[in-house]
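A.B. asks:
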């Protein structure tokens, strides 16, 4: 099956909100702790080996990287790779810049359609993961968690991690969160959950086309 994400290419890098591109296409943001496997997951989802780069100094990259999705002549969306977070040795000034950049982007970017939140399946819903959710939830836009590296867990451990994450999301709903909150198991190495993630992301990028394909399949 052909996916729009397979037609992805580097677009631009920005380090300040004022430099965000004046594009109208929908954006899907990818966020996650340092070492949660975010860059690898983006590469696998886009069927490329080196589209997104993992920093050699985790937590030091303070840039937002944009990738165009769809035909080169007429992109239909952008994948937005946000800086990784949670690396202990980052200077305070870098942490402050990170918080300002990510929180304001997540809260104010009108083009943003949803957030893909990468969480290591062995340590889901850390304090910083929750902070990302709490920054983004007032927008009412969907959040989908990829519980990465699930191949490192047993089947029972994976089931427990997913159940715990969904229980955590239920608490946000009970507190009044109105946006969609969903989660799945994911492994870039074993390609677990790849089709499920593709389907969801593409439904955010091109909801009308996705609905049409679902109706055709049901007939």
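Numbering (my numbering), first residue to last: 9 to 227. Idealized CB from N, CA, C, for every residue including glycine. Please read these numbers as outputs of a predicted model, since none were measured by experiment.
1. Have a look at residue 59 and residue 71 and give me their C-alpha separation to the nearest angstrom.
2. Whole angstroms are fine: how far does the CA of residue 21 sit from the CA of residue 149?
3. Let me know if residue 75 comes out buried or exposed under the rule of 16 or more other beta-carbons within 10 Å of its beta-carbon.
4. Taking contact to mean 3 or more Cβ pairs, one atom from each stretch, closer than 8 angstroms, check whether the region 22-32 and the region 199-218 are in contact.
5. With DSSP run on the structure shown, which of helix, strand or coil describes residue 45?
6. Comparing alpha-carbon positions, which option in 134, 115, 32, 49 lies nearest residue 200?
7. Taking residue 4 as the reference, give the member of 168, 160, 166, 173 with the closest Cα.
8. Starting from residue 73, trace the alpha helix (DSSP H) in both directions and tell me its first and last residue.
9. Residue 162: which of 184, 129, 90 sits nearest, CA to CA?
10. Going by C-alpha to C-alpha distance, which of 91, 165, 213 sits closest to residue 105?
11. Could you tell me the distance, in whole angstroms, from the CA atom of residue 144 to the CA atom of residue 191?
12. CB residue 142 to CB residue 88, shorter than 7 angstroms?
13. According to DSSP, is residue 177 part of a helix, a strand, or is it coil?
14. What does a CB cutoff of less than 6 angstroms around residue 197 pick up in its chain, not counting 5 residues either side in sequence?
15. Using a Cβ-Cβ cut-off of 6 angstroms (strictly less than) and excluding sequence neighbours within five positions of residue 111, which residues of its own chain qualify?
16. So is residue 79 buried or exposed if we call it buried at 16+ other beta carbons inside 10 Å?
17. Identify whether residue 28 lies in helix, strand or coil by the three-state DSSP scheme.
18. What ranges does the beta strand (DSSP E) occupy inside the region 89-173, keeping only unbroken runs of at least 3 residues that lie completely in it?
19. Short check: CB of residue 44 to CB of residue 134, under 7 angstroms?
C.D. replies: On the basis of the supplied data:
1. Rounded to whole angstroms, residue 59 to residue 71 spans 15 angstroms at the Cα level.
2. C-alpha separation (whole angstroms): 24 angstroms.
3. The residue is buried, with at least 16 neighbouring Cβ atoms inside 10 Å.
4. Contact fails: fewer than three Cβ-Cβ distances are below 8 angstroms.
5. Here residue 45 sits in coil by DSSP.
6. Of all alpha-carbon atoms in 134, 115, 32, 49, the one lying nearest the alpha-carbon of residue 200 is that of 49.
7. This structure cannot settle anything about residue 4, because the visible part of the chain is limited to 9 through 227.
8. That residue, residue 73, is in no alpha helix (DSSP H); its beta strand (DSSP E) goes 72-77.
9. Of the candidates 184, 129, 90, the one whose C-alpha sits nearest the C-alpha of residue 162 is 129.
10. Among 91, 165, 213, the Cα nearest to that of residue 105 is on 91.
11. For residue 144 and residue 191, the distance between alpha carbons rounds to 16 angstroms.
12. For residue 142 and residue 88, no; Cβs fall outside 7 angstroms.
13. Here DSSP, grouped into helix, strand and coil, assigns residue 177 to helix.
14. Here residue 197 has 159 as same chain residues with Cβ atoms under 6 angstroms from its own Cβ, once five neighbours each way along the sequence are excluded.
15. The residues are 143.
16. A residue is called buried when at least 16 other Cβ atoms come within 10 angstroms of its Cβ; residue 79 does not meet this threshold and is exposed.
17. Residue state, collapsed to three classes: coil.
18. List check, beta strand (DSSP E) in window: 120-128, 151-156.
19. Result no, Cβ atoms of residue 44 and residue 134 do not sit closer than 7 angstroms.
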